[in-house]
Amino acid sequence: MSKAKIAITLEQNSISRLDHLVHENIFLNRSQAIQTAVNEKIERLERNRLAKECAKLDPAYEKAMAEEGLNEIIGT
-11 MSKAKIAITL EQNSISRLDH LVHENIFLNR SQAIQTAVNE KIERLERNRL
39 AKECAKLDPA YEKAMAEEGL NEIIGT
């Protein structure tokens, strides 16, 4: 996947904590740490959105629709 350089501004405390993680070899560099954090946050937000959308579903209706489709497939 292609990458692009960006500039970000962080609080000094965050930078110090980030540098500590790099120093402890948890991440190879700041970029890797930030990329990992951004990816994890996006995935968490997407899962949360999916959960909210699933909560809107009516289980009885969804079951009936699934059974109707299954009956059409097996011909009963």
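Taking the working numbering, the leading residue of the sequence shown gets -11, the next gets one more, and so forth.
Positions of the beta carbon are idealized from the N, C-alpha and C atoms, including for glycine.
Here L6 has R18 and A21 as same chain residues with Cβ atoms under 7 Å from its own Cβ, once five neighbours each way along the sequence are excluded.
Taking a contact to require three or more Cβ pairs closer than 8 Å, the stretch 27 to 35 and the stretch 6 to 16 do not qualify as touching. Along the length of the stretch -9 to 51, whole alpha helix (DSSP H) runs at least 4 residues long occupy 0 to 11 and 18 to 43, reported in chain order. Per the C-alpha coordinates, the member of K40, S(-10) and L38 positioned closest to Q23 is S(-10). Its chain contains no residue whose beta carbon lies nearer than 8 Å to that of R35 once the 5 sequence neighbours on both sides are disregarded.
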